[in-house]
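Chemist: So that we are looking at the same thing, I have put the structure below in structure tokens.
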């Protein structure tokens, strides 16, 4: 039975090959070796082959030679020599893609591991490892990346004539704009660092002065790279470039980890100071102040301002590394030109409720932040009320966000559009990052829930903490579903016109008794821009999967009533409002922990259940992930907003 | 230019569709709505369509009805009603695949997070969370999985007539055999646990008795499931089954984490006891012994034997969860029948040096293990010599392994075969797991390197530790490359006959001036089992990628000299020997840490640099990953051995 099936499908392929002349010229056949396939017997065939032969690399010709020679030489020494020559030639040839991927991935991971090990030693305040060591390691990585980026830009500017393929999905203008802003703030940080170094110049290591200078030039070069090269699909020096890009990815990841660590340490020291002031005591605070006095008057200002800029610096590096990772994934990829067209125009009509509610959320968040930070430093009573306030505010926010996401999902269920399954590494990464970064927050929430359920004391915020934590889990689940479904929905000009009519899939099966008029429709369909869709369908048929295509609006008859045309616009407007509202809410929930509103440190319930060191370790891992999750959601939701 | 290209490729598709009758019966066309496409005009077409229409779900007919009705009804209330009916129908319909994946993934992750939070609270010996809580949580998960597995098996046995698709790559007989063995050892553990419970029945919670009983039945049912259902490609009740499978995956992951935690705690307590005996003191050992006396004489035996069985139980659960994850990935997948055939026959001819060297390695490992475990309990001097011995032994092993992998890679470079790019979730997962589990070990090694470089004391094993750690990093990198390249090499019957001749790719381009005799070869090629390869080539041509196919040996003329035929066999034999040797070495490197030979705890250098708590936390994370890496390498290398 299998044999028969194969036979049929191959006869089909054969026919396709033999009929289409253009196709035949591109087919490469596996030919018998030169000796049994004497070229003199088929002079016409050889002549026809020769133009294409020239295009192939030297390997093929070498292989042919090998077979031609093998009959004349049979001594083992010559054979040995041949094997060595072949090995040398094979080694000189381009390295297999999969291996290059694994090798470069391993290189990057190990670079990160070295950095992480150094940071771990620093966290222990080990006498053998100093901050200088870590900073010089990071500085040298940055210099290496700078050299690579300059080389890359030089090569590209030299070959300006040859068109470089671009992956339009790799990034958008507004993401790059946002990153430029973050980069500017990072550079202000560098200026503060240089100022700090100048003040303490006499007693601190020179690395503390070199690091910000290199970081600033690294930032400038990287922003330039982001604007002009991040979408490139690299096709030359693939293996080398792969190492360059992955080096850039992991350098940024390391800079991110370093930022996260410094920020966590700063926060933890503040927390310990506060606990000591409240009389909990027995917590050692390690001071890393230099041993001499500052020569300028602004040192204290520099070091305290630094911490307000950390959140931006952290987000900058993690975003850049995600974008570079997409570039790495794209190396050597063949871009499907039909799906590589973005037709997005941000339309803002009908946006009222979403932005208004979002602005209310944002304003109240800033209020809550100010009240929380001032109250949490006060007495036990004001601290407790501040924490309670935070949880109640959080519950209200999350309930609104959950209902917004749920209604979005309901609209999608009502408005059945087949998923877009075209290859898109950027979207794939977005999905994985959303999912992966949720884990930190989920883990934190479940810890809180267990702590609340098993708590012996009962502070006023005990049950609001439970509700808040449950809602955090639920909200992330629903929001992920909403964002991912939005990103995977087919986005089409036709769909923009009238999704209600166009999107409903109707499946007809065409048997061999295809009648004449239908055939006409068929051919007409091939002349429309939607033919890519039909082709995709036929391909998917081969693999057994069926996705339905939307029809061109021109083929759809205009209905008599107008109400059918209006509903989809209402739906789209609702979806647009939902996404704007969610963007604002996610920004709010990013602002709070980024600027020090972390009740998980203060409420004491989790600390009681898990102990100080385990719980702070958990938070040091979960809070940065959560911050990244919120920022990443904002970026994804903005993409959703533009797609709807 | 693009338009022209599209036009041509679509004409090609169109011809393929119109010519192949079998193809046409499967094509689904996007048809105009019913109103403009009156069925009465094409009675023949409708009659031809009707048999296939019956097969489709109700949605299509519903959609058609909608269009038929929309002209007769235009009042807004009726329209509202229609929208609601449609929404209801859409909700009842099968949930989109991507959403079901995300939703079930989120469910599973959260189950694991709850378990992890409970374990973290247990690790702190929190008064509110007891072992009973964790065990009852895991027990209820196991019961749920049992119910699902029974339901699944019942449904499958009822529909015995309908053939279930199988993914042959999902697992192999010998993996299942190995898992059955591990499951048996796990069940002995359950017997020990029951014995322990019976002895302390009066003063321990009933959960400690229920847990092993449920675990034993869970193990039996799961092994049965592994043998008869793990390869199934689920196509009915997809969303429900997806939740069932992911529940099983995460239940096993949780059982693995629980095993790892118990084992690490036991090891840490032993280590602390040893340190206290040496006078380091100041380390609190938490005893979790029951408060009453054992009623039987074998309680102590039961509890001490348990820890020798833990490594097997741990490996059992992680392997099962990986296999179930592949099953989850396969849900709703359309298996490509041409690549879904395994023609593997383990040939053992020419195996001499590999097994001999491997056995020597294994034997010396067991010797080292015994000497290490007896010496490390002794005085400082014997302890130091035991650690030195371990490192020297490790360096010798790793140098041999590195050279074996490197020569394997060199052979691959000399023997250029195009990669196999067919879809295979099992292989994809293997690759990711190898890479992911290496991270633990890499991190541990870099920590050791930093500790050694910054150490103030200089024990005799300082520089051997450095060399050993560097070699661990290097060996994992090379071994990963070797295994992944082996798994991605095209494995073919033809390749087995004579790879030297068959594998060398020669590329000929066939132009339209195809002469008669060549055409004959062409057609003959389609009758061979290699035609899948040709078909793949044509498909790859479309996407712009070119992979070359090996030729059938029958088409290759036998050369005059025999040395050409012999070399590939020698190459294959070398590769086979290498993989057997590596299998034995990886088993050796698994045995050592699994049974308590962990010099990273004992040598003191890392502890000095990172502190006791940070370093033990790092080891608790890295050692289980390393153990999994070794076991997983063994499984992958065995697969490599069978493919060569």
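Residue numbers (my numbering), protein chains in the order written: chain A, 1 to 644; chain B, 1001 to 1644. In this text, a Cβ means the ideal position worked out from N, Cα and C, and glycines have one as well. Predicted, not measured: the structure shown is a model, and the values here were computed from it.
1. Could you round the C-beta distance between residue 582(A) and residue 625(A) to whole angstroms and report it? I think they count as a contact, below 8 Å.
2. Report yes or no: is there a C-beta of chain B within less than 8 Å of the C-beta of residue 110(A)?
3. Under a CB-based cut-off of 8 Å, is residue 426(A) close to chain B?
4. Between the region 95-107 of chain A and chain B, which residues of the former have CB atoms less than 8 Å from a CB of the latter, in chain order?
5. Within the same chain, show all residues whose beta-carbon is closer than 8 Å to that of residue 1296(B), passing over the 5 residues directly before and after it, in chain order.
6. Residue 1134(B) to residue 1100(B), Cα distance in whole Å?
7. I need the straight-line Cα distance from residue 1648(B) to residue 1437(B), nearest angstrom please.
8. Residues of chain A with a CB under 8 Å from the CB of residue 1442(B): which are they?
9. By the three-class DSSP mapping on this structure, what secondary structure does residue 1232(B) have?
10. Comparing alpha-carbon positions, which option in 634(A), 106(A) and 242(A) lies nearest residue 1476(B)?
11. Would you mind sorting residue 255(A) into buried or exposed? The rule is 16 or more other CB atoms within 10 Å of its CB.
12. In chain B, what lies closer than 8 Å to residue 183(A) by C-beta?
13. Going along the region 126-158 of chain A in order, which residues come within less than 8 Å of chain B, judged by CB to CB distance?
14. The alpha helix (DSSP H) with residue 259(A) in it runs from where to where?
15. In chain A, which residues lie with their C-beta within 9 Å of the C-beta of residue 1292(B)?
16. What residue from 1275(B), 1396(B), 1574(B) and 1387(B) has the CA that sits closest to residue 1411(B)'s CA?
17. Between 1471(B), 1136(B) and 1321(B), which has its C-alpha nearest residue 1430(B)'s C-alpha?
18. For residue 118(A), decide whether its Cβ has a neighbour in chain B, counting only Cβ atoms nearer than 8 Å.
19. So the alpha helix (DSSP H) residue 144(A) belongs to, where does it begin and stop?
20. In chain A, what lies closer than 8 Å to residue 1473(B) by C-beta?
21. Use the C-beta contact count for residue 1593(B): other C-beta atoms within 10 angstroms, 16 or more gives buried, fewer gives exposed.
22. Using the Cβ count rule (16 or more neighbours within 10 Å means buried), how would you classify residue 47(A)?
23. List the endpoints of the continuous alpha helix (DSSP H) containing residue 432(A).
24. Under the DSSP definition of a beta bridge, which residues are partnered with residue 419(A)?
25. Just confirm the distance between the C-beta atoms of residue 580(A) and residue 358(A), as a whole number of angstroms; I'd bet it's less than 8 Å.
26. For the 8 Å Cβ check, are there 3 or more pairs between the region 383-398 of chain A and the region 608-625 of chain A?
27. Which residues in the same chain have their Cβ closer than 7 Å to the Cβ of residue 404(A), if we skip the five residues on either side of it in sequence?
28. Determine whether the Cβ of residue 610(A) lies closer than 8 Å to any Cβ atom of chain B.
29. Let me know if residue 117(A) comes out buried or exposed under the rule of 16 or more other beta-carbons within 10 Å of its beta-carbon.
30. My assumption, with CB atoms under 8 Å, is that residue 1165(B) sits in contact with residue 1331(B). Please give the rounded CB distance.
31. Inspect the CB distances between the region 265-273 of chain A and the region 172-185 of chain A and report whether three or more fall short of 8 Å.
32. Pull up the CB-CB distance for residue 1465(B) and residue 1448(B), whole angstroms please, since I reckon it's below 8 Å.
33. For residue 1268(B), which residues in the same chain have their Cβ closer than 7 Å to its Cβ, ignoring the five residues on either side in sequence?
34. Taking residue 1362(B) as the reference, give the member of 1394(B), 1380(B) and 1643(B) with the closest Cα.
35. Around the C-beta of residue 460(A), are 16 or more other C-beta atoms found within 10 angstroms, so that it is buried, or is it exposed?
36. Counting only Cβ pairs nearer than 8 Å, list the residues of chain A close to residue 1579(B).
Modeler: Straight from the coordinates:
1. About 19 Å; that fails the 8 Å criterion.
2. Any Cβ of chain B closer than 8 Å to the Cβ of residue 110(A) would place that residue at the interface, and such an atom is present.
3. Residue 426(A) is outside the set of residues whose beta carbon lies under 8 Å from a beta carbon in chain B.
4. Close to chain B, meaning a Cβ-Cβ distance shorter than 8 Å, are the following residues of the region 95-107 of chain A: 96, 97, 98, 99, 102, 103, 105 and 106.
5. If we look at residue 1296(B) and ignore the five residues flanking it on each side, its Cβ neighbours are 1195, 1198 and 1199.
6. Taking the straight line from one Cα to the other gives about 28 Å.
7. The structure shown has nothing for residue 1648(B), since chain B only spans 1001 to 1644.
8. Under the 8 Å cutoff, chain A gives 109, 110 and 113.
9. Judged by DSSP in its simplified three-state form, residue 1232(B) adopts strand.
10. Minimum Cα distance to residue 1476(B) is reached at 106(A).
11. Residue 255(A) counts as buried, since no fewer than 16 other beta carbons sit within 10 angstroms of its beta carbon.
12. Chain B residues near residue 183(A): none, gap ~30 Å exceeds 8 Å.
13. Residues of the region 126-158 of chain A with a C-beta atom less than 8 Å from some C-beta of chain B are 126, 127, 128 and 129, listed in chain order.
14. Residue 259(A): member of the alpha helix (DSSP H) spanning 238-277, first to last residue.
15. Residues of chain A with a Cβ closer than 9 Å to the Cβ of residue 1292(B) do not exist; the shortest Cβ-Cβ separation is about 25 Å.
16. Out of 1275(B), 1396(B), 1574(B) and 1387(B), 1574(B) has the C-alpha closest to the C-alpha of residue 1411(B).
17. The shortest CA-to-CA distance from residue 1430(B) to any of 1471(B), 1136(B) and 1321(B) is the one to 1321(B).
18. So yes, residue 118(A) belongs to the interface.
19. For residue 144(A), the uninterrupted alpha helix (DSSP H) run begins and ends at 131-158, by DSSP.
20. Residues of chain A whose Cβ lies closer than 8 Å to the Cβ of residue 1473(B) are, in chain order, 110.
21. Residue 1593(B) is buried by the Cβ-count criterion.
22. Residue confidence is low: residue 47(A) scores 41 on pLDDT, short of 50, so the model does not pin down where it sits. Its coordinate-derived value is still stated next. Exposed, because fewer than 16 other Cβ atoms sit within 10 Å of the Cβ of residue 47(A).
23. Where residue 432(A) is concerned, the enclosing alpha helix (DSSP H) stretches over 425-453.
24. Partner residues in the beta bridge of residue 419(A), as assigned by DSSP, are 489(A).
25. With 8 Å as the limit, residue 580(A) and residue 358(A) qualify as a contact, their Cβ atoms being about 6 Å apart.
26. Cβ pair count under 8 Å is below three, so no.
27. The answer, listed in chain order, is 578, 581 and 582.
28. Yes, because at least one Cβ of chain B sits closer than 8 Å to the Cβ of residue 610(A).
29. When all chains shown are included, residue 117(A) counts as buried.
30. The Cβ separation is near 11 Å, so there is no contact.
31. As far as the Cβ criterion goes, the region 265-273 of chain A does not touch the region 172-185 of chain A, which means the pair count is below three.
32. Yes, they are in contact, since the Cβ atoms of residue 1465(B) and residue 1448(B) sit about 6 Å apart, within 8 Å.
33. Answer for residue 1268(B): 1616, listed in chain order.
34. For residue 1362(B), the nearest C-alpha among the options comes from 1394(B).
35. Exposed, since its Cβ has fewer than 16 Cβ neighbours within 10 Å.
36. For a Cβ distance threshold of 8 Å, nothing in chain A lies close to residue 1579(B): the least Cβ distance comes to about 18 Å.
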